[in-house]
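So that you can map any letter, position 201 of the sequence shown is 231 in my numbering, and since no number is skipped, the others follow by simple counting.
The beta-carbon is built from N, C-alpha and C at its ideal position, and this holds for glycine as well.
Before any comments, here is the structure.
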Amino acid sequence: MQEPNTTKKRMLSGIQPSGDLHLGNYLGAMKNWIGLADEFDCFYFMADMHTITVRQTPADLRRRTLEQMAQYIACGLDPEKNVLFVQSHVHQHAELGWVLNCYTMFGELSRMTQFKDKSAKNAENINGGLFTYPALMAADILLYQADLVPVGHDQKQHCELTRDIAQRFNCIYGDVFKVPEPYIPKTGARIMSLNAPESKMSKSMPEGCVFLMEKPEDIQRKFKRAITDSDTENCVRFDLENKPGVSNLMSIYSAVTGRTYEQIESEFSGLGYGAFKPAVGEAVIETLRPIREEATRLLADKAYLENVCRSGAEKASYVAEKTLRKVYKKVGFLPR
Ligand code: TRP
Numbered sequence: 031m032q033e034p035n036t037t038k039k040r041m042l043s044g045i046q047p048s049g050d051l052h053l054g055n056y057l058g059a060m061k062n063w064i065g066l067a068d069e070f071d072c073f074y075f076m077a078d079m080h081t082i083t084v085r086q087t088p089a090d091l092r093r094r095t096l097e098q099m100a101q102y103i104a105c106g107l108d109p110e111k112n113v114l115f116v117q118s119h120v121h122q123h124a125e126l127g128w129v130l131n132c133y134t135m136f137g138e139l140s141r142m143t144q145f146k147d148k149s150a151k152n153a154e155n156i157n158g159g160l161f162t163y164p165a166l167m168a169a170d171i172l173l174y175q176a177d178l179v180p181v182g183h184d185q186k187q188h189c190e191l192t193r194d195i196a197q198r199f200n201c202i203y204g205d206v207f208k209v210p211e212p213y214i215p216k217t218g219a220r221i222m223s224l225n226a227p228e229s230k231m232s233k234s235m236p237e238g239c240v241f242l243m244e245k246p247e248d249i250q251r252k253f254k255r256a257i258t259d260s261d262t263e264n265c266v267r268f269d270l271e272n273k274p275g276v277s278n279l280m281s282i283y284s285a286v287t288g289r290t291y292e293q294i295e296s297e298f299s300g301l302g303y304g305a306f307k308p309a310v311g312e313a314v315i316e317t318l319r320p321i322r323e324e325a326t327r328l329l330a331d332k333a334y335l336e337n338v339c340r341s342g343a344e345k346a347s348y349v350a351e352k353t354l355r356k357v358y359k360k361v362g363f364l365p366r
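Next up, the structure:
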């Protein structure tokens, strides 16, 4: 196995295959990852072990994991330039996750806002995994000695905890883990729901969410129904505070066309929302079309996808195993 490039900084991120990937995942995360491969040594994975903290239908989880892999590649994440893998294929995640559980405090886990939110929403299934999830996430990151972790705002607290766990462990045993930094990309839009612009675009509100594999006519319907603002001026102008709906559509349009807000304002000056909304829909459809077509083509080629998964897991496992060996030795496990 070839030694991974060590001169570049290492970057790692994951998305849970808990639902179909959508425009918010694409514009907020994946699209920004594509250009990073030249500058960084990049690892991306499907966080399926995190996904089962909430009850899943097995066949759906399997299908979404493979679809997510196809969509990562279709978006432009080249498996030759990035290490793409499925978390559960690399057993070291579970193993380091257990060890780090023993270096993570009950009090710390109790303070995680995502745990509080998720347990409020899933009162009938507040399982141990949901609670200790941040220790597994720390293992995901620390196994690879990642320098940078591109995450959205909602994961910042987990990244902070990862740093604390790494520092605690290093304090006891010497320098075992690289202490990672969160990486909030300069570009990368925060995309809100089309019909509730105060909330992040999410699969849990499907009417306000545009999925990467969605049919053009469905996408256009969602944009035509997008909430614009209740002011009377009917004018395309960026104003997050007073016009969150229109501003969100402008962010989307800007992200897919590369135009600035000023350019968009003058393009639609005097035209109003009736012209603007379908134009955004059209631009999104054209952006997603090649991705959908390529993902569909890849999904028909199961052998290729399985090959990408296998080779990604091998590369990941090679790096992860080195860290795990070191950790097992440090904590005092008897060598096999
Ligand atoms: N917890 C992340 C989420 O729900 C997914 C994730 C799991 C992740 N492990 C990670 C992200 C490691 C970055 C790094 O979105």
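Which complete alpha helix (DSSP H) runs does the region 225 to 292 hold, if anything under 4 residues is left out?
For the region 225 to 292, whole alpha helix (DSSP H) runs of length 4 or above, ordered along the chain, are 246 to 254 and 274 to 287.
Based on Cα-Cα distance, which residue from D78, Q175, L66 and G137 lies nearest to L354?
Comparing Cα positions, the closest option is Q175.
Report whether the distance from the Cβ of M373 to the nearest heavy atom of the ligand TRP is below 8 Å.
There is no way to answer for residue 373, as the model of the chain reaches only from 31 to 366.
Can we count I45 as close to the ligand TRP, meaning its CB is less than 8 Å from some heavy atom?
Yes; taking the cut-off as 8 Å, the Cβ of I45 has a heavy atom of the ligand TRP nearer than that.
Whole angstroms are fine: how far does the CA of F298 sit from the CA of L66?
C-alpha separation (whole angstroms): 33 Å.
Looking at I294 and A219, is the spacing between their C-beta atoms short of 9 Å?
Their beta carbons are not under 9 Å apart, which means A219 does not touch I294 by this criterion.
From Q32 to M235, what does the alpha carbon distance come to, in whole angstroms?
With a pLDDT of 49 at Q32, under the threshold of 50, the modelled position of that residue is not reliable, and the figure given next carries that caveat. Each residue's Cα considered, the two are about 44 Å apart.
Just mark N426 as buried or exposed, buried being the case when its beta carbon has 16 or more other beta carbons within 10 Å.
Since the first residue of the chain shown is 31 and the last is 366, residue 426 is not available in this structure.
So does Q293 have its beta carbon nearer than 8 Å to some heavy atom of the ligand TRP?
Q293 Cβ: outside cutoff for every heavy atom of the ligand TRP.
Residues in the same chain with beta-carbon distance under 6 Å from G49, minus the five sequence neighbours each way, listed in chain order, please.
Here the set comprises K233.
By the DSSP assignment, the beta strand (DSSP E) with D71 in it spans what residues?
Element bounds for D71: F70 to M76.
Can you check whether the CB of A100 is closer than 9 Å to the CB of L328?
Yes.
Counting pairs of beta carbons, one from the region 36 to 48 and one from the region 149 to 165, are three or more of them closer than 8 Å?
Contact between the region 36 to 48 and the region 149 to 165 is absent, because fewer than three Cβ pairs lie under 8 Å.
On the DSSP letters alone, give me the boundaries of the alpha helix (DSSP H) that V129 sits inside.
Run containing V129: Q122 to N131, per the alpha helix (DSSP H) assignment.
Given a cut-off of 9 Å, decide if I82 and G159 are closer than it, judged by their beta-carbon atoms.
Yes.
As a quick exercise: from T326, M280, R322 and A330, pick the residue whose alpha carbon is nearest that of P308.
Nearest C-alpha to P308: M280.
Return helix, strand or coil for Y358, following the three-state DSSP convention.
Y358: helix per DSSP, three-state reduction.
Is it right to say F73 is buried, meaning 16 or more other beta carbons lie within 10 angstroms of its own, or is it exposed?
Result: buried.
Is it the case that the CB of G54 approaches a heavy atom of the ligand TRP more closely than 8 Å?
No, Cβ of G54 sits at least 8 Å from all heavy atoms of the ligand TRP.
So what does DSSP say about M142, is it helix, strand or coil?
The answer is coil: DSSP assigns M142 none of H, G, I, E or B.
Taking all protein chains shown into account, decide if G127 is buried (16 or more other Cβ within 10 angstroms of its Cβ) or exposed.
That one is buried.
Would you decide whether C201 is buried or exposed? Buried here means 16 or more other CB atoms lie within 10 Å of its CB.
The residue in question, C201, is exposed, as its Cβ has fewer than 16 Cβ neighbours within 10 Å.
Cβ of C209 within 8 Å of any heavy atom in the ligand TRP?
For the record, residue 209 in the displayed sequence is Val; it is not Cys. V209 Cβ: outside cutoff for every heavy atom of the ligand TRP.
Under the rule that 16 or more other beta-carbon atoms within 10 Å means buried, what is H183, buried or exposed?
Looking at its Cβ environment, which holds fewer than 16 other Cβ atoms inside 10 Å, H183 is exposed.
Taking its Cβ as the centre, do 16 or more other Cβ atoms sit within 10 Å of E54, making it buried, or is it exposed?
Here the sequence assigns Gly to residue 54, which means Glu is not the residue at that position. Label assigned to G54: buried.
Assign P180 to one of three DSSP states: helix, strand, or coil.
Residue state, collapsed to three classes: strand.
Of all the options K332, A169, L57 and S284, which has the alpha carbon lying nearest to the alpha carbon of A10?
With the chain represented from 31 up to 366, any question about residue 10 goes unanswered, as that position is not in the structure.
Is L42 close to the ligand TRP? I mean its beta-carbon at under 8 Å from any heavy atom of the ligand.
For the ligand TRP, at least one heavy atom lies less than 8 Å from the Cβ of L42.
Is A350 a contact residue of the ligand TRP, with contact defined as CB to any heavy atom under 8 Å?
Outside the cutoff, so no.
Taking the alpha carbon of V181 as the point to measure from, which residue in C105, K61 and N278 has its own alpha carbon closest?
The shortest Cα separation from V181 among C105, K61 and N278 belongs to K61.
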